[in-house]
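Step one of this worksheet: look at the structure below.
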């Protein structure tokens, strides 16, 4: 994207903001993890910390995923490239929280019981949706380096378009599992649909 | 002093009589004190301070020989959607629930319908302590020392007739309850039991736990406890008990009929679309903190371990169909 002086909108001010962008986003994305760790170690997660941690890391993964999906349209809106510079980091944070979510579910909640995992997968579609989301994110995280991007060339782009599928599966997972109170999952669904609509409209132009 | 007043042009008659002054002072002190107590009482109520139950509590033979869940666990991890859907909401908003005065409408197919005050309902019954397992459909469980009495004893007092085949219950609806503003469920919350289930000696009306009056988050001031059924059957803050001829609507069944049946007996062999019911996480002792992360799950027992007492109620019934 060419950033000539008359197309630059909402550019970040010069140094030091340019340099602070990545560390600032990093700290913001990591802070919920620090908060949860602190709450866990000080016994503030309530009587059922496994459930609380599963919920919290799950929603964090979805939020990070939706934010990283929103950065591409944000680039078009602000007509500047700075959103793209934090996109990979936020995508990796989405994977980080998804990894914690899946790890807590399988190791702490189901206690590495493969039979239980299998029955969950065969009986509960929302577990399948969640698994699909996670399985898609794994190769994306593994190929996120510049080196891998160069090596894979055009295939890298098509591979990483899988993030749309992962986002959809993750939101479906959440809508499907929610009991009674559907406000939060539907907010995420609405955001997802909005992001798709924006891309679709842009593509159609 | 008088000199000073003279200089200032104040006449003696303008000065308040000493006795009148004292009286006013006392009045003022009294009202300030009253105000203070009011404030203190107010803040105490906001924290839902526990009130010990009056009179003796008889230890019932119904005692699960398992480690009790701590009072903290029982009062900070609740499902009471009228107070909010987060597990911590019921404790957070418990003071919004107005429990004084409280009355229960008893109506339908019985000889003594009417509006009964809480005292009318509780007073005639000796209060027992019963230690029951409580199994939530969300696959966690607690062990709770309830205080109360058999529902059957109240039912006998109001003399249901032969048309009374079911008992329907309703939870209070108050405008100040934060969860009521959103229609997560259809309010009022409703539950029901078949007459033989309601008359079973295990089924109890509870007004306390751990020897103290129920707090808002636990369904103050009066709730049902049916230990062999999933927790949502044990309806909280009951304001209506009706004797009816046909099976009453129940809230979770109305919300998702495929997931929540009328009977809702604890059954590890009937899988639920959200949670496997084979195991449960026992929130016993002072659950929470790091140790709780590695607590293992326990096998869920058929009828929550009360099959010896209640399985005969369902003889010949297909429990997969009538879940």
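Protein chains in written order, with our numbering: chain A, 117 to 321; chain B, 709 to 1031.
Even for Gly, the Cβ is constructed at its ideal location relative to N, Cα and C.
What you are looking at is a predicted structure, and each value in this text was computed from that prediction instead of being measured.
| Check | Outcome |
| --- | --- |
| Against residue 910 of chain B, what residues of chain A qualify as contacts under a CB-to-CB distance less than 8 Å, listed in chain order? | Ordered by position in chain A, no residue passes the 8 Å Cβ test against residue 910 of chain B, which lies about 25 Å from the chain. |
| In its own chain, which residues sit with a C-beta less than 6 Å from the C-beta of residue 816 of chain B, not counting the 5 before and 5 after it? | 950, 951, 952 |
| Can you list, in chain order, the residues of its chain with a C-beta nearer than 7 Å to that of residue 918 of chain B? Leave out the 5 residues immediately preceding and following it. | 779, 853 |
| DSSP state of residue 828 of chain B, grouped into three classes? | helix |
| Taking just the CA atoms, how far does residue 965 of chain B sit from residue 976 of chain B? | 19 Å |
| I need the DSSP call for residue 922 of chain B, collapsed to helix, strand or coil. | coil |
| At a CB distance below 7 Å, what residues from the segment 229 to 252 of chain A approach chain B? Give them in sequence order. | 232, 235, 236, 239, 240 |
| Do residue 932 of chain B and residue 899 of chain B have their beta-carbon atoms positioned less than 9 Å apart in this structure? | yes |
| For a test of the three-state rule: what should DSSP assign to residue 312 of chain A, helix, strand or coil? | helix |
| Sort out for me which residues DSSP pairs residue 877 of chain B with in a bridge. | B:899, B:949 |
| Quick one: grab the DSSP three-state call for residue 939 of chain B. | helix |
| Along chain B, which residues have their Cβ under 7 Å away from the Cβ of residue 293 of chain A? | 982 |
| Residue 890 of chain B CB to nearest chain A CB: under 9 Å? | yes |
| Listing by chain order, which chain A residues have their CB less than 7 Å from the CB of residue 991 of chain B? | 163, 164 |
| Which residues in chain A have a C-beta closer than 8 Å to the C-beta of residue 785 of chain B? List them in chain order. | 162, 163, 164 |
| Strictly by DSSP, which residues pair up with residue 848 of chain B? | B:989 |
| Quick one: measure Cβ to Cβ for residue 988 of chain B and residue 1005 of chain B, integer angstroms, because I've assumed they're closer than 8 Å. | 6 Å |
| Using a Cβ-Cβ distance cut-off of 9 Å, determine whether residue 159 of chain A contacts chain B. | yes |
| Can you confirm whether residue 168 of chain A, when its beta carbon is compared against all beta carbons of chain B, has any partner nearer than 9 Å? | yes |
| Are three or more beta carbon pairs between the segment 148 to 161 of chain A and the segment 269 to 280 of chain A nearer than 8 Å? | no |
| Thinking residue 278 of chain A and residue 252 of chain A are a contact (beta carbons under 8 Å), I'd like their distance in whole angstroms, please. | 5 Å |
| Leaving aside the five residues before and after residue 838 of chain B along the sequence, list all residues of the same chain whose C-beta is less than 6 Å from its C-beta, in chain order. | 768, 770, 854 |
| Please determine if the segment 209 to 219 of chain A and the segment 170 to 187 of chain A are in contact, where contact requires at least 3 C-beta pairs separated by less than 8 Å. | yes |
| Which same chain residues, not among the five before or five after residue 979 of chain B, have their C-beta less than 7 Å away from its C-beta? | 985 |
| Measuring CB to CB, does residue 913 of chain B end up less than 9 Å from residue 857 of chain B? | yes |
| Measuring straight from C-alpha to C-alpha, what distance separates residue 117 of chain A and residue 275 of chain A? | In this prediction, residue 117 of chain A scores a pLDDT of 42, lower than 50, which makes its location untrustworthy; the coordinate-derived value is nonetheless stated afterwards. Between residue 117 of chain A and residue 275 of chain A, the C-alpha separation is close to 22 Å. |
| List the DSSP bridge partners of residue 857 of chain B. | B:913 |
| How about the segment 889 to 897 of chain B and the segment 826 to 841 of chain B: do they share at least three Cβ pairs that are nearer than 8 Å? | no |
| Do you know offhand how far residue 167 of chain A's Cα is from residue 822 of chain B's? | 44 Å |
| Which residues mark the beginning and the end of the beta strand (DSSP E) in which residue 767 of chain B is found? | 765 to 771 |
| Taking 6 Å as the limit between beta carbons, can you name the residues of its chain near residue 963 of chain B, skipping five residues before and five after? | 893 |
| Just checking: is the beta-carbon of residue 227 of chain A within a distance shorter than 9 Å of some beta-carbon in chain B? | yes |
| To which residues of the same chain is residue 880 of chain B closer than 6 Å at the C-beta, ignoring the five residues directly before and after it? | 945, 947 |
| Does the distance from the C-beta atom of residue 314 of chain A to that of residue 174 of chain A stay below 9 Å? | no |
| In the DSSP assignment, what residue or residues form a beta bridge with residue 822 of chain B? | B:814 |
| In the DSSP assignment, find the beta strand (DSSP E) that holds residue 931 of chain B and state where it starts and stops. | 931 to 933 |
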